[in-house]
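Engineer:
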Amino acid sequence: MLFEAARRVASRNSSSMCPTIIHYARFEIPFLERLHRDNALGTPFPLDIICTHRIAQKLLPDLPRKGIRALAGYFGHRVPVLKRSTGHAVATMGVWRNLVALLSEVCNITTYGQLQDWLALAPRPVRGKRVFPMPAATRQALPDHPGVYRMRSLGGDLLYIGKAKSLKKRVNSYFRSRTPHPEHILELLSQARDIDFSVTASALEAAVLEADEIKRNRPPYNKALQPGQRSLVFFSRDLKRYGPGSNRQRCIGPLPSGRMADALTAFDRWWTSRESIRDKDLLDIGGPLLARPPDRLPNVQCLEEGLNLFYNLHQEDLAHRPPLRMVTELGAKIWRERLNTTTAMESGADIQIERDDDPDPAGGAAGDEGTWTPEKVAATLAGIIVHSAHLIRRGRWFCLLSESSLAWGSEQDPHQLKHLVVFERGRLSHRSVLQIEQSPPVPPGHLRSWVDRRNNLDLATYDRMRVVTSELRRLLDKDRNILLRLGPNVFLSSSDLHKALRWV
């Protein structure tokens, strides 16, 4: 049908060809030629292909990126996040119309024949330094204060939300011509034409606001803090089951769903049936247990030897303990050993404790099937236990933090408590400036039960508490005085937080 339609159009043209507009045509031409060869034998290829990317290279040589999404956004068109042919066809049509107008305005090209001659004869311009569409005056007018910024396209579409300790410095850092940026940031900067912002009293408040706005608006160029396919789950205390947790009276969590949740239930299955599991059943358990897909697992013998090695190394810690204590106490012990050893984090199987993400199933030396050894199997399982224990502790910590009052010193006077925020039900309910010698108030929700606190920890609140925890670490690294109040007589000072945050 495609070539029949093209031949009908071609029959009306003096060239007997059908003008066809494609973005990145060099990727599509081989497919179209093969399709024609397989379905329209004996007829000439009817498509006269014009590549919009090639035109853009000549007209806009200094635009950082000229992919379909970057170029459509540059001209004010929105491309759906999902890669679908209809959205790309509509975007290509919008790009083509804008390029036609630009060809007429800049090059005085108004006919199809003139365009073909220009593409054939005009030399490709030498690319200079990057030229960004956002006017320099727009970004240079930003204040030197903490806050949240929002980059927008020509059509006003929201592209990206970010936080900053200094809006002016952070935003302008994007636009240095030689700054190395990942591809998706260069694509973003090729579209960003305008920016709006909200000033906050502190970088911590900016981080909380950013997390909430990303959840609410889902900008296409924000990778972190997007809801996506993420969710939270709650475990039964025997670790045999998990789910959204409609009955949270006696449960563990919340924990992020995904491979780590699967690993916890697989650990219980392996532990309770260790003596009787063999071959295929062992491989079925091994995937979730090691947080690896089936094609990245060791062979059965290596897996069995590695799990036996893990058991022999930790037999005393695994004996006579319920599953929850087994995981939390063993995870804490292994983590403590790593903290006290200079070579603690050198193993390829170690998991980055600062993150909630599942470990990359393809990452690390243990991810390659040919490199598995029993020692790496044991080390990988130890890492899973450490990370699981960490996520359990982190869920408890977030429940505490969700009903708290937090005060900390300013950049100008790091030792005098100045900034105050109060969290109630995991939301920032109050902010103010503390007077000299004033303590943070008793958090209004300090009597709220543990069950109620867990019920309030949805994904947005979980991420909000995670952001606050990261900001607490940043403040501690800068030697700011911090006081966290959890109840009438429960205070955590900077030194207390230093110790506590090592474990969450």
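Numbering-wise (the numbering used here), the sequence shown opens with residue 700 and increments by one. Think of the CB as a built atom: it goes at the ideal place given N, C-alpha and C, for glycine as much as any other residue.
What did DSSP end up calling Glu1103 once you bin it into helix, strand or coil?
Structural biologist: Here residue 1103 is taken as the residue at index 404 of the sequence shown, counted from 1. Here residue 1103 turns out to be Ser, not Glu, going by the sequence shown. Strand, per DSSP.
Engineer: Between Ser901 and chain D, is the shortest Cβ-Cβ distance under 8 Å, so that the two count as touching?
Structural biologist: In the displayed structure, chain D is absent; only one protein chain is listed.
Engineer: Could you check what DSSP says for Asp1123 in three-state terms: helix, strand or coil?
Structural biologist: Position 424 of the sequence shown, counted from the start, is the residue given in the question as residue 1123. For the sequence presented, residue 1123 should be read as Glu rather than Asp. Glu1123: strand per DSSP, three-state reduction.
Engineer: For Pro879, count the other beta carbons within 10 Å of its own beta carbon; 16 or more makes it buried, fewer makes it exposed. Which is it?
Structural biologist: Along the sequence shown, read from residue 1 onward, the residue named residue 879 stands at position 180. Label assigned to Pro879: exposed.
Engineer: Could you please give me the residues that DSSP links to Asp747 through a beta bridge?
Structural biologist: Here residue 747 corresponds to residue number 48 of the sequence shown, with the count starting at 1. Paired residues: Pro718.
Engineer: Using the C-alpha atoms, what's the distance from Val799 back to Leu814?
Structural biologist: The sequence position of residue 814 within the sequence shown is 115, counting from 1. The sequence position of residue 799 within the sequence shown is 100, counting from 1. Going from the Cα of Leu814 to the Cα of Val799 covers about 9 Å.
Engineer: Given a threshold of 16 other Cβ atoms within 10 Å of its Cβ, counted over all protein chains shown, does Met959 qualify as buried or as exposed?
Structural biologist: Here residue 959 refers to the residue found at position 260 when the sequence shown is read from its first residue. For Met959, the number of other beta carbons within 10 angstroms of its own is at least 16, and it is reported as buried.
Engineer: How far does the beta strand (DSSP E) with Ser803 in it reach, from first residue to last?
Structural biologist: For this step, residue 803 is matched to residue 104 along the sequence shown. Segment 784–806 is the alpha helix (DSSP H) holding Ser803; no beta strand (DSSP E) there.
Engineer: Going along the chain, which residues of its own chain have a beta-carbon closer than 8 Å to the beta-carbon of Leu982, five neighbours each way excluded?
Structural biologist: As a first step, residue 982 is located in the sequence shown; it is residue number 283 there, counting from the start. The residues are Pro993, Leu996, Val999, Leu1002.
Engineer: Are at least three pairs of beta-carbons, each pair with one atom in the segment 1143–1156 and one in the segment 1069–1077, less than 8 Å apart?
Structural biologist: With fewer than three CB-CB distances shorter than 8 Å, the segment 1143–1156 does not count as touching the segment 1069–1077.
Engineer: Just curious, the beta strand (DSSP E) that Met850 is in, first and last residue?
Structural biologist: Residue numbering aside, residue 850 sits at position 151 when the sequence shown is read from its first letter. Run containing Met850: 846–851, per the beta strand (DSSP E) assignment.
Engineer: With the cut-off set at 8 Å, would you say Gly786 and Gly952 are in Cβ contact?
Structural biologist: Translated into the one-based positions of the sequence shown, residue 786 becomes position 87. Translated into the one-based positions of the sequence shown, residue 952 becomes position 253. Not closer than 8 Å, so no.
Engineer: Do you know how far the Cα of Leu801 is from the Cα of Trp795?
Structural biologist: In the sequence shown, residue 795 corresponds to position 96, counting from 1. In the sequence shown, residue 801 corresponds to position 102, counting from 1. Cα to Cα, Trp795 sits roughly 10 Å from Leu801.
Engineer: From the DSSP output, in three-state form, read off Arg915 for me.
Structural biologist: Counting from 1 along the sequence shown, the entry for residue 915 is found at position 216. Helix, per DSSP.
Engineer: Helix, strand or coil: which one does DSSP assign to Val1189?
Structural biologist: By one-based count along the sequence shown, residue 1189 stands at place 490. The answer is strand: DSSP assigns Val1189 an E or B state.
Engineer: Write down the C-beta distance between Arg706 and Pro745 rounded to the nearest angstrom, noting that I regard them as a contact closer than 8 Å.
Structural biologist: For the purposes of this step, residue 706 is identified with residue 7 of the sequence shown, where counting begins at 1. For the purposes of this step, residue 745 is identified with residue 46 of the sequence shown, where counting begins at 1. Yes, they are in contact, since the Cβ atoms of Arg706 and Pro745 sit about 5 Å apart, within 8 Å.
Engineer: Cα-Cα, which of Gly861, Asp843, His844, Leu841 is closest to Met850?
Structural biologist: Numbered from its first residue, the sequence shown carries residue 850 at position 151. Ranked by Cα distance from Met850, the first of Gly861, Asp843, His844, Leu841 is Gly861.
Engineer: Alpha carbon to alpha carbon, how far is Gln839 from Leu1174?
Structural biologist: Taking the first residue of the sequence shown as position 1, residue 839 is located at position 140. Taking the first residue of the sequence shown as position 1, residue 1174 is located at position 475. The straight-line gap from Cα to Cα measures roughly 27 Å.
Engineer: Looking at the ligand ADP, does it come within less than 7 Å of Ser1131, judged from the CB to the closest heavy atom?
Structural biologist: Inclusion of the ligand ADP in the displayed structure is not the case, the ligand content being empty and no account of it being possible.
Engineer: Would you tell me roughly how many angstroms separate the C-alpha atoms of Ala863 and Leu1156, rounded to the nearest one?
Structural biologist: For the purposes of this step, residue 863 is taken as the residue at position 164 of the sequence shown. For the purposes of this step, residue 1156 is taken as the residue at position 457 of the sequence shown. Each residue's CA atom was taken as its position, placing Ala863 and Leu1156 some 26 Å apart.
Engineer: Using 10 angstroms around the beta-carbon of Glu804, count the other beta-carbons present and answer buried if the total reaches 16, otherwise exposed.
Structural biologist: Position 105 of the sequence shown, counting from 1, holds the residue named residue 804. Of the other Cβ atoms in all chains shown, fewer than 16 fall within 10 Å of the Cβ of Glu804; this residue is therefore exposed.
Engineer: What span of residues does the beta strand (DSSP E) with Thr859 cover, start to end?
Structural biologist: By 1-based counting over the sequence shown, the position of residue 859 is 160. Before going on, a small fix: residue 859 reads as Tyr here, not Thr. 857–863 is the extent of the beta strand (DSSP E) around Tyr859.
Engineer: Determine the direct distance from the alpha carbon of Gln1115 to that of Asp1178, and round the result to whole angstroms.
Structural biologist: Residue mapping note: residue 1178 aligns to position 479 of the sequence shown, counting from 1. Residue mapping note: residue 1115 aligns to position 416 of the sequence shown, counting from 1. Cα-Cα distance, rounded: 11 Å.
Engineer: For Leu866, which option in Tyr723, Leu888, Asp1016, Ala902 has the closest C-alpha, if you only look at C-alpha atoms?
Structural biologist: Taking the first residue of the sequence shown as 1, we reach residue 866 at position 167. The residue with the shortest Cα to Cα distance from Leu866 is Ala902.
Engineer: What's the gap between the Cα of Arg1147 and the Cα of Phe1097?
Structural biologist: If you number the sequence shown from 1, residue 1147 lands on position 448. If you number the sequence shown from 1, residue 1097 lands on position 398. For Arg1147 and Phe1097, the distance between alpha carbons rounds to 14 Å.
Engineer: Helix, strand or coil: which one does DSSP assign to Ser1128?
Structural biologist: As a working note, residue 1128 is residue 429 in the sequence shown. DSSP places Ser1128 in strand when its eight states are reduced to three.
Engineer: Rounded C-beta distance between Leu888 and Phe831? I'm assuming under 8 Å.
Structural biologist: By one-based count along the sequence shown, residue 888 stands at place 189. By one-based count along the sequence shown, residue 831 stands at place 132. With 8 Å as the limit, Leu888 and Phe831 qualify as a contact, their Cβ atoms being about 6 Å apart.
Engineer: Exposed or buried, Gly854, counting other C-beta atoms within 10 Å across all chains shown (16 or more means buried)?
Structural biologist: In the sequence shown, residue 854 corresponds to position 155, counting from 1. Under this definition Gly854 is an exposed residue.
Engineer: Using a 10 Å radius around the Cβ and a threshold of 16 neighbouring Cβ atoms, would you call Ile1135 buried or exposed?
Structural biologist: Taking the first residue of the sequence shown as 1, we reach residue 1135 at position 436. The residue is exposed, with fewer than 16 neighbouring Cβ atoms inside 10 Å.
Engineer: Go ahead and pull the three-state DSSP assignment for Val778.
Structural biologist: Start at 1 with the first residue of the sequence shown, and residue 778 comes out as number 79. In this structure, Val778 counts as coil in the three-state DSSP scheme.
Engineer: With three or more beta-carbon pairs closer than 8 Å as the criterion, would you say the segment 915–931 touches the segment 1193–1200?
Structural biologist: no
Engineer: Please state whether the Cβ-Cβ distance between Leu931 and Leu1100 is less than 8 Å.
Structural biologist: Residue mapping note: residue 931 aligns to position 232 of the sequence shown, counting from 1. Residue mapping note: residue 1100 aligns to position 401 of the sequence shown, counting from 1. Not closer than 8 Å, so no.
Engineer: With C-beta atoms as the reference, is Ala1088 less than 8 Å away from Gly1030?
Structural biologist: The count along the sequence shown starts at 1 and reaches residue 1088 at position 389. The count along the sequence shown starts at 1 and reaches residue 1030 at position 331. The answer is yes: Cβ separation under 8 Å.
Engineer: For Leu1080 and Leu988, which I take to be in contact (beta-carbon distance under 8 Å), what is that distance rounded to the nearest angstrom?
Structural biologist: Counting from one through the sequence shown, the residue named residue 1080 turns up at place 381. Counting from one through the sequence shown, the residue named residue 988 turns up at place 289. About 7 Å; that satisfies the 8 Å criterion.
Engineer: Do Pro842 and Val898 have their beta-carbon atoms positioned less than 8 Å apart in this structure?
Structural biologist: Looking up residue 898 in the sequence shown gives position 199. Looking up residue 842 in the sequence shown gives position 143. Their beta carbons are under 8 Å apart, which means Val898 touches Pro842 by this criterion.
Engineer: Looking at C-beta atoms only, is the number of pairs between the segment 966–974 and the segment 1103–1114 that lie closer than 8 Å three or more?
Structural biologist: no
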